[in-house]
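J.: Here you go, one structure.
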Amino acid sequence: MKKRISIAYFIEIIFSLFSCKPQKNKLPKGFVYVEKYISDLIVDLRYFSSNNFTGRPVEGYESSVLILSYKATLALKNVQEQLKNKGLGLKVFDAYRPQRAVNSFEVWSKKSEDVIAKEEFYPNVNKRDVFALNYLALKSGHTRGSTIDLTLVNLKTGQELDMGSPFDFFGSISHYDTLQINALQKNNRKILKEVMLDNHFKEYPEEWWHFTLIDEPFPETYFDFPIK
Numbered sequence: 701m702k703k704r705i706s707i708a709y710f711i712e713i714i715f716s717l718f719s720c721k722p723q724k725n726k727l728p729k730g731f732v733y734v735e736k737y738i739s740d741l742i743v744d745l746r747y748f749s750s751n752n753f754t755g756r757p758v759e760g761y762e763s764s765v766l767i768l769s770y771k772a773t774l775a776l777k778n779v780q781e782q783l784k785n786k787g788l789g790l791k792v793f794d795a796y797r798p799q800r801a802v803n804s805f806e807v808w809s810k811k812s813e814d815v816i817a818k819e820e821f822y823p824n825v826n827k828r829d830v831f832a833l834n835y836l837a838l839k840s841g842h843t844r845g846s847t848i849d850l851t852l853v854n855l856k857t858g859q860e861l862d863m864g865s866p867f868d869f870f871g872s873i874s875h876y877d878t879l880q881i882n883a884l885q886k887n888n889r890k891i892l893k894e895v896m897l898d899n900h901f902k903e904y905p906e907e908w909w910h911f912t913l914i915d916e917p918f919p920e921t922y923f924d925f926p927i928k
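Counting in this note's numbering, the sequence shown tops out at residue 928, every number present.
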């Protein structure tokens with residue numbers, strides 16, 4: 701009897717340990733954690749931190765993990781491998797974005813008194829106009845899971861290449877073909893654009909960092925699952 705009790709108790713303890721182990725978040729079909737496929741990718745998920753135009757972490761970003769459609773991830777992996785031959789790599793600022801995050805941007809734009817990040821991200825723009833001026837959209841390609849914001853880094857130093865304007869800066873200097881940048885900055889943007897286009901992404905002319913997979917798998921679906 702004592703032996704049976706001991707075995708039963710041991711089994712109960714083991715089961716308890718496994719049941720308490722954190723379970724990996726299950727993503728919708730067709731989505732993956734990008735770093736599982738591109739382990740050397742540098743990730744700086746800006747909306748998980750306060751280093752963004754709102755000045756605080758954004759709703760829906762519960763963890764600093766990168767999520768994309770599987771199809772976009774494979775294309776991005778090819779980009780990373782291609783860049784290595786030039787001594788370069790990718791640094792990603794945003795990928796899949798929940799709809800609740802986009803909704804929170806709209807709420808933010810209507811709070812005229814909340815301007816804690818204005819000087820850094822939108823010094824010459826009234827925040828109430830960010831949607832009308834197309835700096836933000838009520839329906840974002842990011843929410844479909846195959847759009848990504850990124851830049852280039854030097855693999856030896858880990859430093860970002862100079863693109864002439866920072867990520868998410870609201871101004872014409874962020875347009876790809878702006879005349880406000882020098883030859884080096886223009887060439888750096890060209891390198892990024894060409895390698896992305898070579899791997900079936902399309903650019904967004906008003907943001908040098910923004911690319912969408914041409915043949916995205918969910919072109920009409922806007923997802924809202926949290927990032928965790």
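Don't be surprised by glycine CBs; every beta carbon is placed ideally from N, CA and C.
Note that the structure is predicted; figures quoted are calculated from it, not measured.
Could you check the C-alpha separation between Ser-769 and Gly-858 for me, to the nearest Å?
T.: Between the alpha carbons of Ser-769 and Gly-858 lies a gap of roughly 26 Å.
J.: Quick check for students: name the residue ranges of the alpha helix (DSSP H) that lie wholly in the stretch 862–928, counting only runs of 4 or more.
T.: 883–898
J.: Closest by CA to Leu-913, which one among Lys-827, Asn-899, Glu-907?
T.: Asn-899
J.: Which runs of the beta strand (DSSP E), 3 residues or longer, sit entirely within the stretch 739–816?
T.: 767–769, 788–794
J.: Could you check if Ala-795 is buried or exposed, using at least 16 other CB atoms within 10 Å of its CB as the buried criterion?
T.: buried
J.: If you draw a straight line from the C-alpha of Ile-848 to the C-alpha of His-910, how long is it?
T.: 6 Å
J.: Gln-723: buried (16+ other C-beta within 10 angstroms of its C-beta) or exposed?
T.: Per-residue confidence for Gln-723 stands at a pLDDT of 42, beneath the threshold of 50, marking its modelled position as unreliable; no derived number is given.
J.: Apply the 10 Å Cβ neighbour rule to Arg-828 and answer buried if 16 or more other Cβ atoms are within range, or exposed otherwise.
T.: exposed
J.: Starting from Phe-932, follow the beta strand (DSSP E) in both directions and report where the run begins and ends.
T.: The question about residue 932 has no answer, for the chain in this structure spans 701 to 928.
J.: With respect to the beta strand (DSSP E) encompassing Asn-854, which residues constitute its N-terminal and C-terminal limits?
T.: That run of the beta strand (DSSP E) goes 847–854.
J.: Return yes when the Cβ of Lys-791 is within less than 8 Å of the Cβ of Ile-738, no when it is not.
T.: no
J.: Taking 8 Å as the threshold (C-beta atoms), are Gly-789 and Leu-855 in contact?
T.: Yes, the pair counts as a contact, with Cβ atoms nearer than the cut-off.
J.: Distance, Cα to Cα, Asp-814 vs Asp-924?
T.: 25 Å
J.: Give the range of the alpha helix (DSSP H) segment to which Phe-821 is assigned.
T.: Run containing Phe-821: 818–821, per the alpha helix (DSSP H) assignment.
J.: When the Cα atoms are used, what is the spatial distance from Glu-762 to Tyr-747?
T.: Each residue's CA atom was taken as its position, placing Glu-762 and Tyr-747 some 10 Å apart.
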